[in-house]
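Novice:
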Amino acid sequence: MKLSFLGPEFLTWLYFHTDQIPAKIAIGRRVTLKPLNSEEQKVMIASPKLEDSGEFLQAIRAGAHVESMALDLVIDERIHSFTLNALDGSLSGVKTQGLDKSMGDSAEADIMIRMSNLDEIEDALGKIFAQFLELRLGQTFVSQSIKTIRESVSEGLKARLP
Amino acid sequence: MTYLRFAVVGTLPNNLIENFERALSVRRFVPLHPEGKDSETAGWVSVQNPYLDDDRILNDQFLFQERVVLGYREDKISYPKALLRDLVELRLKEFPDKNRQVVESAVISELRQRILPKSKIVEVLWDLSRSELRLFARGQGLVERFEKLFEQTFQMRIKQLSYPEIALASQVSLRSQGLLENLNEAVIFGA
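Those protein sequences? They're chains A and B, same order as listed.
Residue numbers for the first sequence, in my numbering: 1 to 162.
Residue numbers for the second sequence, in my numbering: 163 to 353.
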């Protein structure tokens, strides 16, 4: 599909720009990577501290993009955890910590609570993707965003040299 | 909880409740018949009572304000290969003159009375005000079968909201729209 690279580019960009987005997001414990348009196998990295993973940086350095990534989204006091999938836009393993269902709630109340939690996650992700898209279509994406990623990878790998 | 998002494309009917109730009764889930030949069946169920196969799905079970909540149910019956093979061989020893296919068919009919189909129920949340639908599953085959059933039932199309679709549907300026349509991959590091 044309533009199918947008999802992997978005997640890769997000990994390196969590401090510049209109939401509080922390990278979770699991990420998968794969080069675009390639039959190569996926690389899956699971680590309590992904930011310290040299394997992740090496995969990016070798031309891979992020295909799925576990995230924690913080909104006020609530933390929603989920995995964002680049290729089909799906969310998996969603654990919401918003409004809670109480015993005796009607089926309707249960649905409204669930929808409200998912709406909250999707609204936040929608804003982040809109920011990415604006940058992606702008003239400075390569000179700034890609440059930031390249520098982060190079510095991260250098810091791991003995 | 895992789900995919879809945009619903099409116009809602005027007499929505009556129309949807009728459409759902036509495509309601029908269980496999114990004496039938089909091995798979699929259709709509109510989320509250997905196994009450004879009940009609009425609006108080699927319409909550501007949200439609339904279950998509698939049942599939399969026979353990080794068991089928052993029973057929046994029967062929008893009746050596019988044709293998006839024996196999008879054994399958017997097994069908003893084996329950595997049942899968997937929840569907359709927000009518936003024309968006959430399907709580990801498997490609199931999604394709669901898309077909949805379109046959409601006479509306659904379009998966992956990132390219979201980008193309976003409110970017005409100039940006042109840029988007001609966008190429950005190389971070060459492979």
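For glycine and all other residues, C-beta sits at the position ideal for the given N, C-alpha and C.
Taking the beta strand (DSSP E) that Val94 of chain A falls in, what are its first and last residues?
Specialist: Counting from one through the first sequence, the residue named residue 94 of chain A turns up at place 94. Residues Leu91 to Lys95.
Novice: How about Gly89 of chain A: is its C-beta nearer than 7 Å to some C-beta of chain B?
Specialist: As a first step, residue 89 of chain A is located in the first sequence; it is residue number 89 there, counting from the start. With 7 Å as the cut-off, Gly89 of chain A counts as an interface residue toward chain B.
Novice: Could you check the C-alpha separation between Leu174 of chain B and Ala159 of chain A for me, to the nearest Å?
Specialist: Along the second sequence, read from residue 1 onward, the residue named residue 174 of chain B stands at position 12. Along the first sequence, read from residue 1 onward, the residue named residue 159 of chain A stands at position 159. Computed Cα separation, rounded: 58 Å.
Novice: Quick check on this structure: which residue in A:Ala23, A:Gly63 and A:Ala46 has the alpha carbon closest to the alpha carbon of Glu9 of chain A?
Specialist: To locate residue 9 of chain A, count along the first sequence from 1; it is residue 9. The option with the nearest alpha carbon to Glu9 of chain A is A:Gly63.
Novice: Beta carbons nearer than 9 Å to chain E: which residues of the stretch 52–82 of chain A have them?
Specialist: Structure shown: chain E not included; protein chains present are A and B.
Novice: Taking the Cβ atom as the reference point for each residue, do Val43 of chain A and Leu33 of chain A lie within a distance shorter than 7 Å?
Specialist: To locate residue 43 of chain A, count along the first sequence from 1; it is residue 43. To locate residue 33 of chain A, count along the first sequence from 1; it is residue 33. Yes, the pair counts as a contact, with Cβ atoms nearer than the cut-off.
Novice: For the structure I just gave you, are there three or more beta carbon pairs, one from the stretch 252–261 of chain B and one from the stretch 280–300 of chain B, closer than 8 Å?
Specialist: no
Novice: Any beta carbon from chain B within less than 7 Å of Val31 of chain A's own beta carbon?
Specialist: In the first sequence, the residue the question calls residue 31 of chain A occupies position 31. Cβ-Cβ to chain B under 7 Å: no for Val31 of chain A.
Novice: Looking at the structure shown, is Arg274 of chain B part of a helix, part of a strand, or coil, going by DSSP?
Specialist: Counting from 1 along the second sequence, the entry for residue 274 of chain B is found at position 112. Reduced to three states, the DSSP call for Arg274 of chain B is helix.
Novice: Contact criterion: CB-CB distance below 7 Å. Does Phe226 of chain B meet it with respect to chain A?
Specialist: Looking up residue 226 of chain B in the second sequence gives position 64. Closer than 7 Å: yes.
Novice: Tell me the rounded alpha-carbon separation between Val284 of chain B and Ala299 of chain B.
Specialist: Along the second sequence, one-based indexing puts residue 284 of chain B at 122. Along the second sequence, one-based indexing puts residue 299 of chain B at 137. Their backbone Cα atoms lie some 7 Å apart in a straight line.
Novice: Counting only Cβ-Cβ distances shorter than 8 Å, please list the residues of the stretch 295–329 of chain B near chain A, keeping chain order.
Specialist: Arg296, Arg300, Gln322, Leu323, Ser324, Tyr325, Pro326, Glu327, Ile328 and Ala329
Novice: Between the Cα of Ile121 of chain A and those of A:Ile149, A:Phe132, A:Leu73 and A:Phe56, spot the shortest distance and give me the residue it belongs to.
Specialist: Locating residue 121 of chain A in the first sequence gives position 121, counting from the first residue. Ranking the options by Cα distance to Ile121 of chain A, first place goes to A:Leu73.
Novice: Please report the straight-line C-alpha distance between Thr315 of chain B and Arg167 of chain B, rounded to a whole angstrom.
Specialist: Here residue 315 of chain B is taken as the residue at index 153 of the second sequence, counted from 1. Here residue 167 of chain B is taken as the residue at index 5 of the second sequence, counted from 1. Approximately 19 Å between the Cα atoms of the pair.
Novice: For the stretch 40–66 of chain A, list the beta strand (DSSP E) runs that are entirely contained and at least 3 residues long, ordered along the chain.
Specialist: Those beta strand (DSSP E) runs which fall completely within the stretch 40–66 of chain A and span 3+ residues are 43–46.
Novice: Chain A partners of Arg229 of chain B, CB-CB under 7 Å?
Specialist: Within the second sequence, numbered from 1, the residue matching residue 229 of chain B stands at position 67. Below the 7 Å Cβ cutoff, chain A contributes Ile111 and Met115 as neighbours of Arg229 of chain B, in chain order.
Novice: Apart from the five residues on each side of it in sequence, which residues of its chain come closer than 6 Å, Cβ to Cβ, to Leu186 of chain B?
Specialist: Within the second sequence, residue 186 of chain B is the residue found at index 24, counting from 1. The residues are Trp206 and Ile219.
Novice: Closest to Val94 of chain A by C-alpha separation, out of A:Arg114, A:Leu135 and A:His65, would be which residue?
Specialist: Numbered from its first residue, the first sequence carries residue 94 of chain A at position 94. Comparing Cα positions, the closest option is A:Arg114.
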